[in-house]
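Only one structure is covered here, and it is reproduced in the block below.
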Amino acid sequence: MKDLLKDLNEAQQTAVQETEGPSMIIAGPGSGKTRVLVHKIAWLISNGVDSFRILALTFTNKAANEMKERIKNLIGAEALNLWMGTFHSVFARILRIEAEKIGYTRNFTIYDTVDSKRIISQILKENIIDAQIYPLNYVLWRISSAKMNLINPENYNFNSQIQAEDLRAKKPLLGQIYQTYWNRCRRANAMDFDDILYNMNLLLREFPEAKEKYQKKFQYILIDEFQDTCFSQYVIIKTLSQHYRNVCVVGDDAQGIYGFRGAKIENILNFNKDYPDCRVMKLEQNYRSSKNIVNAANSVISNNHTQLSKTIWTENDAGEKIKIIRTISDHEEAMQVAQDIFQTKMNFQADNSDFAIFYRTNAQSRALEEALRRTNIPYRVYGSLSFYKRKEIKDLMAYFRLTVNNNDEDALLRIINIPARGIGDVSLNKIVVFAHENGLSLWDVVSQIKKYRIEISAGIADKVDVFGTLIKSFNAQLETKNAYDLALHISKASGYINMLKSVNEPETQTRLENIDELFNGLKVFCENAKENDTEKILTLSDFLLEVSLLTDLDDDKDNNNKVSLMTAHSAKGLEFPYVYITGLEENLFPSSMAITTRAEIEEERRLFYVALTRGMKRITLTHAESRFRWGKREFTQPSRFLEEIPEKYMEKPRKKEFVDWSEEKNNYENVEVCSSELRFKKQNFEQKSFSSKTTIELKKINQNFKKVKKANYDNPTLAAPVNQDEIVAGVNVEHEKYGKGKVLQVDGAGNDKKAVVFFPVTGKKQLLLKFAKLKIIN
DNA sequence: CTCCTCCCTTTTTTT
DNA sequence: AAGGGAGGAG
314 MKDLLKDLNE
324 AQQTAVQETE
334 GPSMIIAGPG
344 SGKTRVLVHK
354 IAWLISNGVD
364 SFRILALTFT
374 NKAANEMKER
384 IKNLIGAEAL
394 NLWMGTFHSV
404 FARILRIEAE
414 KIGYTRNFTI
424 YDTVDSKRII
434 SQILKENIID
444 AQIYPLNYVL
454 WRISSAKMNL
464 INPENYNFNS
474 QIQAEDLRAK
484 KPLLGQIYQT
494 YWNRCRRANA
504 MDFDDILYNM
514 NLLLREFPEA
524 KEKYQKKFQY
534 ILIDEFQDTC
544 FSQYVIIKTL
554 SQHYRNVCVV
564 GDDAQGIYGF
574 RGAKIENILN
584 FNKDYPDCRV
594 MKLEQNYRSS
604 KNIVNAANSV
614 ISNNHTQLSK
624 TIWTENDAGE
634 KIKIIRTISD
644 HEEAMQVAQD
654 IFQTKMNFQA
664 DNSDFAIFYR
674 TNAQSRALEE
684 ALRRTNIPYR
694 VYGSLSFYKR
704 KEIKDLMAYF
714 RLTVNNNDED
724 ALLRIINIPA
734 RGIGDVSLNK
744 IVVFAHENGL
754 SLWDVVSQIK
764 KYRIEISAGI
774 ADKVDVFGTL
784 IKSFNAQLET
794 KNAYDLALHI
804 SKASGYINML
814 KSVNEPETQT
824 RLENIDELFN
834 GLKVFCENAK
844 ENDTEKILTL
854 SDFLLEVSLL
864 TDLDDDKDNN
874 NKVSLMTAHS
884 AKGLEFPYVY
894 ITGLEENLFP
904 SSMAITTRAE
914 IEEERRLFYV
924 ALTRGMKRIT
934 LTHAESRFRW
944 GKREFTQPSR
954 FLEEIPEKYM
964 EKPRKKEFVD
974 WSEEKNNYEN
984 VEVCSSELRF
994 KKQNFEQKSF
1004 SSKTTIELKK
1014 INQNFKKVKK
1024 ANYDNPTLAA
1034 PVNQDEIVAG
1044 VNVEHEKYGK
1054 GKVLQVDGAG
1064 NDKKAVVFFP
1074 VTGKKQLLLK
1084 FAKLKIIN
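FYI, in the working numbering the residues of the first sequence are 314 to 1091.
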């Protein structure tokens, strides 16, 4: 047991041992916060506390899994009985047990944001509400905020302040939309993310015996990332901890970055009020980052007005100064980052996993991915277009959802005609209207379509009947087949897989691969259960509950030794020796959506602070002078945050470089050179001279590059490297993007002249010669 | 009813 | 850049 304290400093030891009564740990970045939590839980268990009486709430699933693993390594498998997970996953599990009490069945569906949007969009359409005045995101945000403040539609509509706000915003229908959405979710036996928290509160408030049960169950409660909890989460914690009062919250006000979704940093202050006897401990020594990084981050955050006082310091070396890279375009930015990683790997024998690239928006990952691919650097993108948001996955999941929960209207509407069953919009609409008018659920009508007199042709009624029978047959196997087997059966029997295979689209292959991945996930899910020697089979229902709260596939199998790409938000809690923060431009980081109020800017600054403090050895900040956004090139200004880092922590003083263009030796100005060749030469040039070239020189090259590009743009035909007539069937060519290939066929003439080219990697492509800069090779 | 095409919006961040 | 919606042809 002593061992558990061995590697901890004094402040950390105290934090671990102070287990009784309310306590709050304010922990700066890199101060060993996770370590304290892990050791604290291990400490409790090894002091005889039953692990299933400990509730530990984290912010992400990833964090939960990692901590569980570390606790397991400290004290063994006993740790697995711990109640640990995100707020949403833990309380969804509890609600599943208690579902009947609050008017749900245990097979309730969890709607994600995409589902919610679909439903709200339908509501708007049905009620002929202008989506211009009621943008989906705004409506959703408004409803979400209400729920997070425990305001149900009734309270919403009778709250004069809210009504006044909506009136002022000229959106008086919001209350009605909210009510309709609310009813629809409940009718569908479904909860969205906010409902999980709302319903947990409802359960604790309306059912004293349930309240008592869970208050007495959880003897110790620990909450990570407390600064990012919202009001409804706060109330749950407060209620659950009332009996034992052994509640420990861990957080850092300087790292609160979820205000946009209702998180209240004030919860930290409120906690002091609710528990006046609470002990406050501070962890201020940073073990992660170099002095330069710590100091730079401190300087940045000192620009914020609202913060608790604390001093983050470190005994680490001064380390490298912070680097800045400025490029002409986002594309160039990505290339330079990739090359910098390449160089660093060479010079310092670093692993890929030592590197992370952060960005403000997911869309920025594309250019970076491409650059890394070209440089042959393995990488993994976290988040992005979440696996579970892909169309084919959502479709299949909709089948699963409908099988498990027949009342899931959204799922039904999504797939009743996918694959096409001849049940079109017109008929479907009649069914929906009939159901709504008669107070029936959609499934009631669909499953007994012949019973009702609806104005649809007998043929279509037959088709609906067949669909209903199909779903019923799936549902009948719910308890007897395990998740994997049933899912496989559904995907085949529904005709979905065949439909995908029969369409000859370029995406078909990827879609099928994604489905394969889904089934791998299912397999792993079922096999894990076997390992944990649970006798009962894991049903599709179990799988859905588990999976609907995951944002991405957690494949830990081969993500070792890859460069990590992620948003600054998802970087929270992680650390990497070499960190690149990209896109440091006004309107991007800080985001254009968050520069109107002081509070918004401060949140963006905290986000930048979080990003900076992930770095251990080196931080590289990059920004581009122009960037593709919404399919257009936009010119940018450097981020204000760059100015907030004192020059003494930066590699080079920032001063305007004077470029003497008269001296310019023009190596690549030959417009005849095709752009891929130019890029190749340029890259070669940069690679050879990377470390020694000054920014001025790089800038010159960039400038030339820009000129050629502009020339190409102004007069595309000029850029053609060869006479188009030379491109005939049988000739070997090289394409900028697809590489080497063989021309199979040429059609058309002049501007419409196109070639069918076979590329070994990507397959057959049809290319307009006007645009495709094909080069003839031998 | 389905399929095709064109146009439109969308993107801030996540459970 | 890409998916969804609207609208028209078959």
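All residues carry an ideal CB built from backbone N, CA and C; glycine is no exception.
Practice task
Note down the Cα distance separating Tyr-297 from Tyr-417, rounded to an integer number of angstroms.
Solution key: As displayed, the chain neither begins before 314 nor continues past 1091, which places residue 297 out of reach and without an answer.
Problem - Reduced DSSP category for Val-816 - H, G, I as helix; E, B as strand; rest coil - result: In the structure shown, Val-816 falls within a coil segment according to DSSP collapsed to helix, strand and coil.
Exercise for the section: With a threshold of 16 other CB atoms inside 10 Å of the CB of Asp-1027, please say whether the residue is buried or exposed. Expected result: Legend: pLDDT at Asp-1027 = 33, less than 50; position of this residue unreliable, value from coordinates given subsequently. Per the 10 Å Cβ criterion, exposed.
Exercise for the section: Determine, using beta-carbon pairs with one atom in the segment 461 to 473 and one in the segment 356 to 374, whether at least three such pairs fall under 8 Å. Expected result: No: the two stretches stay apart, fewer than three of their Cβ pairs being nearer than 8 Å.
Handout entry: Cβ-Cβ distance between Tyr-557 and Asn-583 below 9 Å
Key = No. Outside cutoff.
Handout entry: Top-ranked residue by Cα proximity to Ser-904, from Leu-681, Phe-573, Asn-605, Ile-475
Key = From the listed residues Leu-681, Phe-573, Asn-605, Ile-475, the smallest Cα separation to Ser-904 is found for Phe-573.
Problem - Met-461 and Ser-554 closer than 9 Å at C-beta - result: Going by beta carbons, Met-461 and Ser-554 fall outside the 9 Å limit.
Practice task
Could you tell me which residues DSSP pairs with Pro-903 in its beta bridges?
Solution key: Beta-bridge pairing links Pro-903 to no other residue.
Exercise for the section: Identify, in the order they occur along the chain, each residue of the same chain with its Cβ nearer than 7 Å to the Cβ of Arg-455, setting aside the five sequence neighbours on each side. Expected result: Only residues of its own chain outside the window of five on either side were considered, and among them Leu-487 have a CB closer than 7 Å to the CB of Arg-455, listed in chain order.
Practice task
State the DSSP-derived secondary structure class of Asp-505, mapped to helix, strand or coil.
Solution key: Asp-505 falls in the strand class under three-state DSSP.
Practice task
May I have a chain-ordered list of the beta strand (DSSP E) segments no shorter than 3 residues that lie completely inside the segment 688 to 720?
Solution key: Entirely contained in the segment 688 to 720, the beta strand (DSSP E) runs reaching 3 residues are, in chain order, 692 to 694.
Problem - Three-state secondary structure assigned by DSSP to Lys-794 - result: Lys-794 falls in the coil class under three-state DSSP.
Exercise for the section: Kindly give me the distance between the Cβ atoms of Tyr-533 and Asn-496, rounded to whole angstroms, as I take these residues to be in contact under 8 Å. Expected result: Cβ atoms of Tyr-533 and Asn-496 stay farther apart than 8 Å, at about 39 Å.
Exercise for the section: Mind listing, in chain order, the continuous beta strand (DSSP E) runs of no fewer than 3 residues lying wholly within the segment 612 to 690? Expected result: Taken in chain order, the unbroken stretches of beta strand (DSSP E) that lie wholly in the segment 612 to 690 and span 3 residues or more are 636 to 640, 668 to 672.
Problem - Three-way DSSP call (helix, strand, coil) for Lys-319 in this model - result: Shown here, Lys-319 sits in a helix according to DSSP, grouped into three states.
Problem - Per-residue DSSP class, three states only, for Cys-591 - result: DSSP places Cys-591 in the coil class of the three-state scheme, outside both helix and strand.
Handout entry: Tyr-893 - DSSP class collapsed to helix/strand/coil
Key = When DSSP states are grouped into helix, strand and coil, Tyr-893 belongs to the strand group.
Practice task
Let me know the secondary structure DSSP gives Ile-932 once reduced to three states.
Solution key: Taken through DSSP and simplified to helix, strand or coil, Ile-932 comes out as strand.
Exercise for the section: On a CA-only basis, which of Lys-836, Leu-321, Glu-579 is nearest Ala-912? Give me that one, please. Expected result: That would be Glu-579, whose Cα lies nearest to the Cα of Ala-912.
Problem - Reduced DSSP secondary structure (H/G/I, E/B, other) of Ala-392 - result: Helix.
Practice task
Please report the residue range of the beta strand (DSSP E) in which Arg-940 lies.
Solution key: Residue range 939 to 942 is occupied by the beta strand (DSSP E) that includes Arg-940.
Practice task
Quickly, what does DSSP pair Lys-875 with across the bridge? List them, please.
Solution key: The partner list for Lys-875 (beta bridge, DSSP) is empty, contrary to what the question assumes.
Problem - Reduced DSSP secondary structure (H/G/I, E/B, other) of Val-986 - result: Note that Val-986 scores 26 on pLDDT, short of 50, meaning its location in the model is unreliable and no value can be drawn from it.
Practice task
Could you tell me the distance, in whole angstroms, from the CA atom of Lys-849 to the CA atom of Val-892?
Solution key: Lys-849 and Val-892: Cα-Cα distance of roughly 46 Å.
Practice task
Just tell me which of Val-329, Lys-529, Leu-725 has its CA closest to the CA of Ala-501.
Solution key: Nearest of Val-329, Lys-529, Leu-725 to Ala-501, Cα basis: Leu-725.
Problem - CA-to-CA distance, Trp-756 to Arg-679, given in whole angstroms - result: The alpha-carbon separation between Arg-679 and Trp-756 amounts to approximately 41 Å.
Handout entry: Strand pairing of Gln-598, partner residues [DSSP]
Key = Within the DSSP bridge table, the entry for Gln-598 names Trp-626 as partners.
Problem - Gly-398, buried or exposed, once every other Cβ within 10 Å from all chains shown has been counted against 16 - result: Per the 10 Å Cβ criterion, buried.
Exercise for the section: State buried or exposed for Lys-814, treating a residue as buried only when at least 16 other CB atoms are found within 10 Å of its CB. Expected result: By the 10 Å Cβ count, Lys-814 comes out exposed.
Practice task
Classify Ile-367 as helix, strand or coil using the three-state DSSP reduction.
Solution key: Annotated three-state conformation of Ile-367 is strand, per DSSP.
Problem - Euclidean distance between Cα positions of Lys-776 and Phe-747 - result: A straight-line Cα-Cα distance of about 17 Å links Lys-776 and Phe-747.
Practice task
Determine the closest residue to Asn-374 out of Leu-897, Lys-430, Glu-859, with distance taken between C-alpha atoms.
Solution key: With distances taken between Cα atoms, Asn-374 lies closest to Glu-859.
Handout entry: Same chain only: Cβ atoms within 8 Å of Lys-346, ignoring 5 sequence neighbours per side
Key = The answer, listed in chain order, is Ile-338, Ala-340, Asp-537, Val-563, Asp-565, Leu-596.
Problem - Reduced DSSP secondary structure (H/G/I, E/B, other) of Pro-732 - result: Looking at Pro-732 - three-state DSSP - the assignment turns out to be coil, as it is neither helix nor strand.
Practice task
Take the Cβ of Thr-909 as the centre, count every other Cβ of all protein chains shown within 10 Å, and call the residue buried at 16 or more, exposed below.
Solution key: Exposed, by the Cβ-count rule.
Problem - Contact set for Ser-402: own chain, Cβ-Cβ below 6 Å, skip 5 residues either direction - result: For Ser-402, where only same-chain residues beyond five positions count, the Cβ hits under 6 Å are Leu-862.
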